[in-house]
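With positions in the sequence shown counted from 1, the corresponding number in our numbering is that position plus 1. Note that CB positions come from ideal geometry on N, CA and C, so glycine has one too. Computed from a prediction, not measured in an experiment: that's the story for all the values here.
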Amino acid sequence: MAEIALECGWSEIVFFDDAWPDLSLNGCFDVVGNTAALVEQICDFDGIHVAIGNNTVRLEKFEFFRSRGAPLPSLVHPRSVISKSSSIGDGTVAMAGSVVNADTTISAACILNTGSTVDHDCNIGEGVHVSPGVNVAGGVKIGRLSWIGIGAAVIQCVSIGSDVLVGAGSVVLSDVPDGICVAGVPAKPFS
Numbered sequence: 002m003a004e005i006a007l008e009c010g011w012s013e014i015v016f017f018d019d020a021w022p023d024l025s026l027n028g029c030f031d032v033v034g035n036t037a038a039l040v041e042q043i044c045d046f047d048g049i050h051v052a053i054g055n056n057t058v059r060l061e062k063f064e065f066f067r068s069r070g071a072p073l074p075s076l077v078h079p080r081s082v083i084s085k086s087s088s089i090g091d092g093t094v095a096m097a098g099s100v101v102n103a104d105t106t107i108s109a110a111c112i113l114n115t116g117s118t119v120d121h122d123c124n125i126g127e128g129v130h131v132s133p134g135v136n137v138a139g140g141v142k143i144g145r146l147s148w149i150g151i152g153a154a155v156i157q158c159v160s161i162g163s164d165v166l167v168g169a170g171s172v173v174l175s176d177v178p179d180g181i182c183v184a185g186v187p188a189k190p191f192s
């Protein structure tokens with residue numbers, strides 16, 4: 002996320018992590034405090050991005066900071082392509098090579114990972130992670146907090162519920178209800 006922020010023109014980047022003070026560096030970036038410290042300093046920042054992979058934790062932290070009036074911009078890598086007729090929610094990141102085509106809505110706090118594609122007329126719920134190399138066809142709906150595994154494919158006009166896990170390399174050919182895991186070709190429920 003920090004590198005994408007730099008690519009987007011942000012010049013000063015620091016991290017806050019609840020492992021601080023034991024954790025003082027994240028790569029080459031300073032960790033300068035924990036959540037409590039960030040809350041005290043919210044007004045000092047032009048933007049805050051929640052860079053956590055776990056969908057539930059990311060969305061909870063995003064909502065926590067949103068309720069405190071924090072600026073939560075999206076980060077769109079300059080080598081991603083987002084249709085002018087589509088929208089990207091606050092706190093969402095679109096990584097290099099991601100493509101969002103026409104009339105698609107990407108909600109808040111989502112991850113569109115490297116090389117993922119989301120075609121026309123899709124609706125992606127809050128806190129969703131679309132992993133690297135995923136292909137989502139047109140007219141697809143994905144409910145909040147779902148995770149579409151690396152290299153998965155979702156055919157057109159399918160609805161995937163909330164809190165769903167689609168396994169890596171799966172091919173989703175039919176609707177998936179809330180709260181289950183599916184995997185395979187074609188994707189079927191598993192426990």
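Would you kindly work out how many angstroms separate the C-alpha atoms of residue i and residue j, rounded to a whole number?
| i | j | result |
| --- | --- | --- |
| Ile161 | Asp176 | 6 Å |
| Thr118 | Asn55 | 21 Å |
| Asn124 | Glu8 | 27 Å |
| Val129 | Ile151 | 13 Å |
| Cys182 | Val167 | 6 Å |
| Ala6 | Ile14 | 8 Å |
| Gly10 | Thr115 | 19 Å |
| Lys189 | Gln157 | 17 Å |
| Ser84 | Gly48 | 23 Å |
| Asp104 | Gly98 | 19 Å |
| Leu26 | Ile53 | 16 Å |
| Gly170 | Phe191 | 15 Å |
| Leu174 | Asp120 | 16 Å |
| Trp21 | Asp31 | 10 Å |
| Ser12 | Pro178 | 43 Å |
| Asp19 | Ala95 | 25 Å |
| Asn102 | Asp122 | 8 Å |
| Phe65 | Glu4 | 24 Å |
With distances taken between CB atoms, is the gap from residue i to residue j smaller than 8 Å?
| i | j | result |
| --- | --- | --- |
| Arg112 | Val131 | According to the sequence shown, residue 112 is Ile rather than Arg. In this structure, Val131 lies closer than 8 Å to Ile112 by Cβ. |
| Gly180 | Asp164 | yes |
| Val82 | Val100 | yes |
| Thr36 | Phe17 | yes |
| Lys62 | Val51 | yes |
| Ser87 | Thr106 | yes |
| Ile43 | Arg80 | no |
| Ala110 | Leu39 | no |
State the beta-bridge partners of residue i as determined by DSSP.
| i | result |
| --- | --- |
| Lys142 | Asn124 and Ser160 |
| Asn136 | Thr118 and Ala154 |
| Cys202 | What the structure shows of the chain is the stretch from 2 to 192, and residue 202 is not part of that stretch, so it cannot be assessed. |
| Ala95 | Val77 and Leu113 |
| His130 | Ile112 and Trp148 |
| Ser88 | Thr106 |
| Val177 | Ile161 |
| Ile83 | Val101 |
| Val172 | Ala154 |
Next on the checklist: Check whether the stretch 137 to 147 and the stretch 72 to 81 touch, using three or more Cβ-Cβ pairs below 8 Å as the test.
Outcome noted: By the criterion of at least three beta-carbon pairs nearer than 8 Å, the stretch 137 to 147 is not in contact with the stretch 72 to 81.
Checklist entry - Touch check for the stretch 142 to 152 and the stretch 81 to 97: three-plus C-beta pairs under 8 Å? => result The stretch 142 to 152 vs the stretch 81 to 97: no contact.
Next on the checklist: As an exercise, report each continuous beta strand (DSSP E) stretch of at least 3 residues that is fully enclosed by the stretch 9 to 38, in chain order.
Outcome noted: DSSP runs (the beta strand (DSSP E)) wholly in the stretch 9 to 38: 30 to 34.
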